[in-house]
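Visitor: Chains as they are written, first to last, in the numbering used here: chain A, 1 to 340; chain B, 1001 to 1340.
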DNA sequence: GTCTTTTTGAGGTGCGTACCTCAAAAACTT
DNA sequence: AAGTTTTTGAGGTACGCACCTCAAAAAGAC
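1. Taking 7 Å as the limit between beta carbons, can you name the residues of its chain near residue 33(A), skipping five residues before and five after?
2. Within 10 Å of its beta-carbon, does residue 1231(B) have 16 or more other beta-carbons around it, so buried, or fewer, so exposed?
3. Identify every run of the beta strand (DSSP E) within the stretch 63–124 of chain A, keeping only runs that are complete inside it and at least 3 residues long; order them along the chain.
4. Residue 1050(B) CB to nearest chain A CB: under 9 Å?
5. Just the Cα atoms here: how many angstroms apart are residue 39(A) and residue 9(A)?
6. Throw me the rounded Cβ distance for the residue 140(A) and residue 162(A) pair, which I believe falls under 8 Å.
7. Closer than 8 Å between beta carbons: that is the criterion. Which residues of the stretch 151–178 of chain A meet it against chain B?
8. Classify residue 205(A) as buried or exposed, calling it buried when 16 or more other Cβ atoms lie within 10 Å of its own Cβ.
9. In chain order, what are the residue ranges of uninterrupted beta strand (DSSP E) at least 3 long that sit wholly in the stretch 1262–1329 of chain B?
10. Could you name each continuous beta strand (DSSP E) segment of 3 residues or more that falls completely within the stretch 1211–1246 of chain B, going from the start of the chain to the end?
11. Expressed to the nearest angstrom, what Euclidean distance is found between the alpha-carbon atoms of residue 275(A) and residue 1171(B)?
12. Going by beta-carbon coordinates alone, are residue 1066(B) and residue 1110(B) separated by less than 9 Å?
13. Along chain A, in chain order, which residues have C-beta atoms closer than 8 Å to that of residue 1191(B)?
14. Nearest chain B C-beta to residue 326(A) closer than 9 Å, yes or no?
15. Leaving aside the five residues before and after residue 187(A) along the sequence, list all residues of the same chain whose C-beta is less than 6 Å from its C-beta, in chain order.
16. Can you tell me the Cα-Cα spacing of residue 317(A) and residue 192(A), whole angstroms?
17. Straight-line CA distance for residue 326(A) to residue 147(A)?
18. Does residue 1290(B) come within less than 9 Å of chain A when only Cβ atoms are used?
19. Quick one: Cα of residue 1168(B) to Cα of residue 184(A), how far?
20. Is it buried or exposed for residue 258(A), if we count other Cβ within 10 angstroms and need 16 for buried?
21. Would a C-beta distance cut-off of 9 Å place residue 1176(B) and residue 1126(B) closer than the cut-off?
22. Among the candidates 1298(B), 1048(B), 1235(B), whose CA atom is the shortest distance from the CA of residue 1264(B)?
23. Relative to the alpha-carbon of residue 1223(B), which residue among 1145(B), 1215(B), 1057(B), 1245(B) has its alpha-carbon at the smallest distance?
24. Tell me, which residues are paired with residue 1151(B) by DSSP?
25. Considering only the alpha carbon of each residue, which of 166(A), 124(A), 103(A), 315(A) lies closest to residue 302(A)?
26. Whose C-beta lies closer than 7 Å to the C-beta of residue 16(A) among residues of the same chain, with five residues either side of it excluded?
27. Identify each residue in the stretch 75–107 of chain A for which the Cβ-Cβ distance to at least one residue of chain B is less than 9 Å, and report them in chain order.
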């Protein structure tokens, strides 16, 4: 039989009340007693029964997912998974809610964050660019007793332990390597497309991409990043201009999570010889493009896994536990038509 | 507030005892009453609180992982993950145990399975070749009230709903496509290596591989599968012979989960021009080979995910629940040095 | 209508923990 | 040493459900 709190109390030579105080970090216990209890925990191998604990706590968890208001296709997929997971984990007393913020206006975003109360949320997973205002808002949020975790978009390095998402430098490098290998002996220029280079994600992906290209692949010339600013018009414009200016384009790397327009453009080029095209994030349109052979590969981060991992991380933080690191590392997935 | 059994009883106009009888499928309830309760469940959106249920049941779950005795490196990784996960889920009242069987002797294996009692196990995840004896043993096991799920190696098609693992045809196709794309314009023969072609997994992978090769890549010639029978000597022998017989070998596809010897052989060939090599399953040695550039790609199924998924599936079966399909699909991962 | 069988209700206990109160004991002050 | 503060103990209730018993009610058989 597994030892219970009662056994622990006996083993430590203290009362149940004291065990409770130690386990839940309440004050009013001498350090000596705390140590004694902890020693007993080690000795008898006590492990708190999380099932009973959550039942007794009688308050599951309420987690919020803070997402940008302006959404691309990938965001829709994420939201779908949040809802789906929320549905399924109601039975485990976990509630999830989506909160949208205007990520282009840091002040407004920070204000929205400051409105989130510890009464309504036990934890927040946030996907937002890294700005001083948001950093501050997150700091204050933690002070209010709300756990936080960065989600897909990393915030500053220092608390990287609470980031759920992929290593974007490695993701860029993966894209670079695949591009190079798929191109084989072909030589020429490679277009790189991003919504904006203001964002950390794009910068990191580009860094990783260039790192691969600059070593060992002198036959390719990766052009400066083209910025689409998220509008179809500008996307078509910059692409048209780029193809006019460079006649030797052999590859296209779409770094942003909104690939629809660029894919459409690539498809219209079909008459000429094939251009190796790599994009990020699996969405209905990238998936279709992959099947139609317009896209050659997709670099993906499993949205379901990310959502579950964010929730597990937040829950562990709430319960003052460690997470199982191996379970929480988000893989950089390579998708081709065959392993969809 | 979420409705509890009490609310459900009131809504259905029956007593708590009857609600309990219906929820837990006990006998002695008229069909009419059962329907009434189910209708009330729908109406008020009742969802059983699994946390309270497992606590009250006062018996977590005991799951067994039945694995082959003769182990390759991949199996070690699997076992490591089973232990790691077992450790972590003790707090959730789930115990896991590894049982080894002699998979080469179907009778002995079936006998070992028949010894597993419902007193000791609530469910079994089994990794074993598909033989009539094992099929029968599994059937009887289910009759004894033990849930079963096929694990990595699929059993017959019919109950594919309880299979946790990858689609091996698709995995073979993925390997094929990568091989073709990495080779580019190079033409020549491709070696395919397996432990044995008796196993369903190898057959399916080969099928998928050939399906890709035969369409659209006439420049390659995939040679008949070489069987290693799992011994280093034979592996070296068949490889030496194959390279002697075919001077135009450009690719090597290692289908089995034990790739060490073959990788070693491939490495010794380094003097000549590079051969595109693809293997399955991430292990310490395949990982190292990928980093050392001896391997070009690795087709992997995440062992941690598989283990967790098997446990979730078994648990859902025990609780007579559906699983969230999207969460349980095991991805065919493509690994290269950059996304390890 | 009586008797038998089946179905239902009322009530209880326990799971392991959280969280609460109040009094007693122990540890420091001065 | 007396008073003050801090620490500890004893005991309770609650969470939502599983599982048990026994009696009462309803349904079916004749």
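Note that CB positions come from ideal geometry on N, CA and C, so glycine has one too.
Guide: Short version:
1. 14, 18
2. exposed
3. 94–101
4. yes
5. 12 Å
6. Rounded, the Cβ-Cβ distance is 16 Å, inconsistent with contact.
7. For the stretch 151–178 of chain A, which is checked against every Cβ of chain B, the residues closer than 8 Å are 170, 171, 173, 174, 176, 177, 178.
8. buried
9. Runs found: 1276–1280, 1297–1300.
10. 1220–1222
11. 26 Å
12. In this structure, residue 1110(B) does not lie closer than 9 Å to residue 1066(B) by Cβ.
13. Per Cβ cutoff of 8 Å: no residues; residue 1191(B) is ~20 Å from chain A at best.
14. yes
15. 219
16. 38 Å
17. 21 Å
18. Closer than 9 Å: no.
19. 28 Å
20. buried
21. no
22. Nearest of 1298(B), 1048(B), 1235(B) to residue 1264(B), Cα basis: 1235(B).
23. Out of 1145(B), 1215(B), 1057(B), 1245(B), 1245(B) has the C-alpha closest to the C-alpha of residue 1223(B).
24. Residue 1151(B) pairs with 1164(B).
25. 166(A)
26. Around residue 16(A): 5, 6, 9.
27. Under the 9 Å Cβ criterion, the stretch 75–107 of chain A contributes 81, 84, 85, 87, 88, 90, 91, 92, 93.
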